[in-house]
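What follows is a set of notes on a single structure, which appears directly below.
Numbering (this note's numbering), first residue to last: 7 to 101.
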């Protein structure tokens, strides 16, 4: 069973879900696969938000690579840190 996230900063909100989905969540809770129906819904929402944010970040990055100013800033930043990166690499022991 996945870890239970703290719900200290939670709010109640009524949602409507298909009866079949609710039945499946109840079965999973009864079989102790999820902590509760509420936990299952909360975890599903968290996973959905993560998925959408990843898609959003990917879209933003795809747009950024077309932005010449972004490319210039990124290249300059990479060059600025090149020496520090080399020093850090030399100081890092091999595994």
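Every residue gets a Cβ at the ideal spot worked out from N, C-alpha and C, and that includes glycine.
Using 8 Å for Cβ pairs, my map puts residue i next to residue j. What's the rounded Cβ distance?
| i | j | result |
| --- | --- | --- |
| residue 121 | residue 32 | With the chain covering 7 to 101 only, the question about residue 121 has no answer from this structure. |
| residue 46 | residue 34 | 6 Å |
Going by other Cβ atoms of all chains shown within 10 Å of its Cβ, with 16 needed for buried, is residue i buried or exposed?
| i | result |
| --- | --- |
| residue 40 | buried |
If you reduce the DSSP assignment to three classes, tell me which class residue i lands in.
| i | result |
| --- | --- |
| residue 73 | coil |
| residue 98 | coil |
Check your understanding: What alpha helix (DSSP H) runs, 4 residues minimum, are completely inside the region 11-47?
Key -> 25-36
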